[in-house]
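Numbering follows numbering that gives the first Met the number 0, in which position 123 of the sequence shown is assigned residue number 122; successive positions increment by one, without gaps. Idealized CB from N, CA, C, for every residue including glycine. These numbers were taken from a predicted model, which means no experiment stands behind them.
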Amino acid sequence: MGQIPQEKDLKIEFGCQFTLALPNVRLSTLLSAFTVLLPKILGDFVQKALIGYGELLMARRKKPFSCGRCGNEERFIWKTRCGKPTKVLTTFAWVTLGQMQIQCSGCGHKFSITRMLLGLDPYQRIAPEVRRKQGLLGALTTFRVAEKFMATFGATIDKMTIWRAVQKTGEEIAFSLDPKGEARGEADGTGIGIKGIKKRGKELKVLVQYMKGGAIRVAGIDIGSYNGNWDRLFKQSLKTLKEFKSFFLVTDGDTSILDGLKGKVTILYQRCLWHIPHQLKFALWQDKAKVKRKSPEWLSVMARIYDIVGIRSGIDSDEEIQALIALKTKKLDELVKDCRTKEYKHVVSYLENAKNDLFTGLSNKLEGKTSSRIERLFRTVNTRVNVGKWTTKGALNVTKVRLAYYYNGFDPTKEENPYPEGVAQVST
Ligand SMILES: [Zn+2]
């Protein structure tokens with residue numbers, strides 16, 4: 000069924016009458032009474048608007064709908080204007096509406112026009128715009144807090160509804176590169192603690208695109224196992240990547256899926272500091288004639304490299320980073336010197352090669368490059384994912400909504416008022 004045409008001349012008379020017994024007229028008493036009335040008034044308002052509009056359509060010769068059985072578009076009669084109750088979710092509460100049912104005079108087929116007039120699909124109980132608002136709330140704070148906030152304003156939406164809204168909204172969101180953005184980006188991963196998932200949790204991988212003015216936007220996201228597949232992250236952007244003349248990507252991830260775009264995508268590997276101890280073990284093994292695995296000397300080299308690559312997160316001041324680099328460079332030089340004395344040839348050569356990579360991440364941070372912005376992005380994710388219990392899919396969905404809001408301009412509260420001017424005016 001197509002879009003229902005807007006009616007500029009639709010006027011709804013809305014009067015409501017309720018009898019209330021009040022112990023007093025203190026503001027707090029009135030507000031809580033109003034809170035109780037709210038879903039009833041709202042349901043009444045929606046019902047009356049629907050009936051008013053339904054009457055208007057029924058008075059027309061040609062209807063904006065047709066009989067699903069015989070295709071008749073003109074001859075219908077009312078069966079009921081307020082029949083079998085059905086529930087629809089609003090931003091305030093579930094409201095119960097009596098369905099409007101009509102009958103085709105051609106074939107006798109009976110059907111409800113309530114959802115169609117509301118702009119909902121058959122059987123749909125939640126309008127996407129309502130759900131997106133609740134989805135945003137649930138992504139910005141915990142479900143419990145979201146429920147409390149809404150209750151403060153008289154809404155009676157329970158946290159399970161908000162949870163579902165977050166999941167649905169997250170599923171709707173798909174990130175990809177913006178062809179109008181800069182031809183530069185960064186892909187990085189971080190561990191996120193998902194409760195109930197043993198060991199180190201899962202890894203969140205993000206592809207960000209640099210935008211003019213130094214901002215970043217999210218162009219891809221995935222949650223999977225550590226050192227897992229990076230394909231899913233880049234997959235959604237393959238098409239857009241082809242549209243760029245050339246694209247510069249900084250990452251440590253596995254980019255084999257981009258192999259087909261060689262010459263088009265330049266990849267700069269920013270060696271993950273955590274890989275270095277692992278690779279050093281291999282160099283130590285190559286020097287096994289000089290240093291025995293797990294011997295005190297072997298352990299000492301490993302302990303020193305862990306110390307060198309280890310970075311406490313949260314360092315933001317340039318001076319601190321500079322001092323840290325100086326200290327780590329000194330420690331690394333000492334380690335290289337000692338290993339040279341002990342004739343660990345492979346270790347020396349490995350460490351000398353790794354030296355540049357080792358501090359790229361830190362230096363980028365020093366120059367105010369994106370690393371710190373990506374770290375902030377990861378913190379934005381973790382502040383929400385750290386509260387609550389998630390499945391991998393659940394964590395992915397809440398993260399998508401959250402990042403879309405913070406980085407991609409997604410804001411369901413700003414959705415345009417779908418009503419033309421004048422229609423929603425209330426005459427007093
Ligand atoms: Zn019919």
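Residue burial classification, residue i (beta-carbon count within 10 angstroms, cutoff 16)
{"i": "Asn352", "result": "exposed"}
{"i": "Tyr305", "result": "exposed"}
{"i": "Phe174", "result": "buried"}
{"i": "Thr279", "result": "Per the sequence shown, the amino acid found at residue 279 is Leu instead of Thr. Buried."}
{"i": "Glu54", "result": "exposed"}
{"i": "Asn23", "result": "exposed"}
{"i": "Asn396", "result": "buried"}
{"i": "Ser236", "result": "buried"}
{"i": "Trp284", "result": "exposed"}
{"i": "Gly188", "result": "buried"}
{"i": "Glu146", "result": "buried"}
From the options, residue whose alpha carbon lies closest to that of residue i
{"i": "Ile40", "options": "Gly14, Thr28, Glu242, Glu54", "result": "Gly14"}
{"i": "Ile307", "options": "Ala322, Lys392, Thr328", "result": "Thr328"}
{"i": "Ala186", "options": "Lys158, Arg216, Asp286, Thr160", "result": "Arg216"}
{"i": "Ile161", "options": "Ile172, Gly188, Gln133", "result": "Gln133"}
{"i": "Phe233", "options": "Ser224, Gly213, Gln208, Ala214", "result": "Gln208"}
{"i": "Ser299", "options": "Gln285, Thr18, Glu171, Val335", "result": "Val335"}
{"i": "Asp221", "options": "Val35, Leu37, Thr34, Phe377", "result": "Phe377"}
{"i": "Ala282", "options": "Glu342, Leu56, Ala182, Asn407", "result": "Glu342"}
{"i": "Glu72", "options": "Cys103, Phe17, Cys81, Gly51", "result": "Cys103"}
{"i": "Ser111", "options": "Val94, Ala126, Lys83", "result": "Lys83"}
{"i": "Ser245", "options": "Gly184, Thr85, Gln46, Gly309", "result": "Gly184"}
{"i": "Val35", "options": "Arg372, Gln123, Gly153", "result": "Gly153"}
Chain-order list of residues whose beta-carbon lies under 7 Å from that of residue i (same chain, five-residue window excluded)
{"i": "Val129", "result": "Leu88, Thr89, Thr90"}
{"i": "Ala32", "result": "Leu19, Leu21"}
{"i": "Val400", "result": "Gly134, Leu135, Ala138, Val165, Thr168, Gly169, Ile172"}
{"i": "Met210", "result": "Gly180, Glu181, Arg216"}
Beta bridge counterpart(s) of residue i as assigned by DSSP
{"i": "Arg183", "result": "Phe247"}
{"i": "Pro84", "result": "Gly97"}
{"i": "Ile432", "result": "What is shown of the chain runs 0 to 427, which leaves residue 432 out entirely."}
{"i": "Gln208", "result": "Gly184, Arg216"}
{"i": "Ser111", "result": "Gln100"}
{"i": "Ile324", "result": "According to DSSP, which records beta bridges pairwise, Ile324 is partnered with nothing at all."}
{"i": "Phe91", "result": "In DSSP, Phe91 forms no bridge with anything."}
{"i": "Gly190", "result": "Glu202"}
Three-state secondary structure assigned by DSSP to residue i
{"i": "Leu19", "result": "coil"}
{"i": "Lys132", "result": "helix"}
{"i": "Ala218", "result": "strand"}
{"i": "Cys338", "result": "helix"}
{"i": "Phe152", "result": "coil"}
{"i": "Leu119", "result": "coil"}
{"i": "Gly408", "result": "coil"}
{"i": "Glu319", "result": "helix"}
{"i": "Phe142", "result": "helix"}
Cutoff 6 Å; reference residue i; Cβ partners in own chain excluding five residues on either side
{"i": "Phe142", "result": "Lys158, Ile161, Trp162"}
Cut-off 8 Å between Cβ atoms - residues of its own chain near residue i, not counting five sequence neighbours on either side
{"i": "Leu9", "result": "Gly51, Tyr52, Leu55, Val422"}
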